[in-house]
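J.:
Residue numbers (the working numbering): 1164 to 1482.
1) Quick check on residue 1225: buried or exposed, where buried means 16 or more other Cβ atoms within 10 Å of its Cβ?
2) Just confirm the distance between the C-beta atoms of residue 1470 and residue 1385, as a whole number of angstroms; I'd bet it's less than 8 Å.
3) Please state the DSSP three-state secondary structure of residue 1241.
4) For my contact list, residue 1429 and residue 1440 are in at a C-beta cut-off of 8 Å; report their separation, rounded to the angstrom.
5) Do you know how far the Cα of residue 1410 is from the Cα of residue 1297?
6) Just how far apart, CA to CA, sit residue 1474 and residue 1371?
7) Where does residue 1347 land, buried or exposed, given buried means 16+ other C-beta within 10 angstroms?
8) Could you give the first and the last residue of the continuous alpha helix (DSSP H) run that contains residue 1311?
9) For residue 1319 and residue 1294, what's the separation of their Cα atoms in angstroms?
10) Just list the beta strand (DSSP E) runs in the region 1352–1397, keeping only unbroken ones of 3 residues or longer that don't cross its boundaries, in chain order.
11) Please state the DSSP three-state secondary structure of residue 1221.
12) Going by beta carbon distance, what residues of the same chain come within less than 6 Å of residue 1342, once the five residues before and after it are set aside?
13) Output the distance between the C-alpha atoms of residue 1287 and residue 1367, rounded to the nearest integer angstrom.
14) Suppose contacts are defined by Cβ-Cβ distances below 9 Å. Is residue 1262 in contact with residue 1349 by that definition?
15) Which value, in whole angstroms, describes the spacing of the CA atoms of residue 1266 and residue 1373?
16) With distance defined between alpha-carbon atoms, name the residue in 1338, 1443 and 1399 nearest to residue 1390.
17) Rounded to whole angstroms, how far is the Cβ of residue 1229 from the Cβ of residue 1247, which I believe are closer than 8 Å?
18) Taking only three categories from DSSP, how would you classify residue 1429?
19) Beta-carbon within less than 8 Å of residue 1315's beta-carbon, same chain only, minus the 5 sequence neighbours each way: which residues are those?
20) So what does DSSP say about residue 1129, is it helix, strand or coil?
21) In the structure shown, what three-state DSSP assignment does residue 1412 receive?
22) Only counting the same chain, and skipping five residues up and downstream in sequence, which positions put a Cβ closer than 8 Å to that of residue 1422?
23) Residue range of the beta strand (DSSP E) that residue 1234 falls in?
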């Protein structure tokens, strides 16, 4: 990557992406764990103790409406995945209707965020109803950061010590294509003609890689602050090789970066924007947005809010 330093990846140096707490899976006693944690925190603050802590345990947890967690059989790559599924508000009332699907990387972190944004977009009548499928990992206390580095990266990073054996994006994409998508389209009334893939950071890199590696598997893509500089920017070479042999790329892509994020990430995103903007792929619709005043994790709300509108634009126009 021109001008880019080949040292440890900024996400590796700073301890992962955003520090968000994951949505936990069904294979762990999550309610008990949450209540224990809440009791410890409040007790330490002198707010709840003894009998009061016991009474607090009876309060119900907030649950996202029309949502489910589906644990999948062990995949062909030997990993255990689970899906966070949110169904449209009108799903039950319209048994003959099929819905487009948005597949979200890092569902254990960002599923609740996207569900909240979805409600606002539907209220404003700017997107059609669609199914949300968050991609996540099952099992007892999975190491999300290491697992995503293994699955989301298209090439291995020689200096990334947090994910030995990174560089398996192709394998994970095959799992999505051959196992996850068929499961979703079998279990739910999914419209197979329109799929969207979205992700942030390494998930954004995975999203871009999927666009080039399996053209046509998805119709639109949202890459929020993608980690394009991974492994010295090897992804730039992949896109350049794709451009030499492909005149067309029938896809919609919405990509973002933030003005206050790590210099390596910002520089790489701008470079990739210039590289894409110079292409003349037939059927390719592309929009890049630089989000002012935000850091890496802060790009997600605006990226997904605007990205969803962009991704589903063709369907909205038909209504």
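Beta carbons: idealized from backbone N, C-alpha and C, even for Gly.
T.: The relevant details are as follows:
1) Residue 1225 comes out exposed.
2) That pair is a contact at about 4 Å.
3) Coil.
4) Actually they are not in contact, since the Cβ atoms of residue 1429 and residue 1440 sit about 16 Å apart, beyond 8 Å.
5) Counting only the Cα atoms, residue 1410 lies some 32 Å from residue 1297.
6) If you take the alpha carbons of residue 1474 and residue 1371, they lie about 14 Å apart.
7) Flag for residue 1347 reads buried.
8) Run containing residue 1311: 1307–1315, per the alpha helix (DSSP H) assignment.
9) Roughly 32 Å between the two C-alpha positions.
10) Counting whole runs of 3 or more residues, the region 1352–1397 contains the beta strand (DSSP E) stretches 1353–1363 and 1383–1387.
11) Collapsing the DSSP output to three states places residue 1221 in coil.
12) If we look at residue 1342 and ignore the five residues flanking it on each side, its Cβ neighbours are 1238.
13) Approximately 26 Å between the Cα atoms of the pair.
14) Taking a C-beta distance under 9 Å as the contact criterion, residue 1262 and residue 1349 do not qualify as a contact pair.
15) Straight-line spacing of the CA atoms in residue 1266 and residue 1373 works out to 12 Å.
16) If we check each option's Cα against that of residue 1390, 1399 comes out closest.
17) Not a contact, Cβ separation roughly 12 Å.
18) DSSP places residue 1429 in helix when its eight states are reduced to three.
19) Hits under 8 Å: 1268, 1332, 1335, 1362, 1365, 1366, 1368 and 1369.
20) Residue 1129 lies beyond the stretch modelled for the chain, which goes from 1164 to 1482, so this question has no answer here.
21) The answer is strand: DSSP assigns residue 1412 an E or B state.
22) Here the set comprises 1429, 1453, 1454, 1455, 1456 and 1457.
23) 1230–1234 is the extent of the beta strand (DSSP E) around residue 1234.
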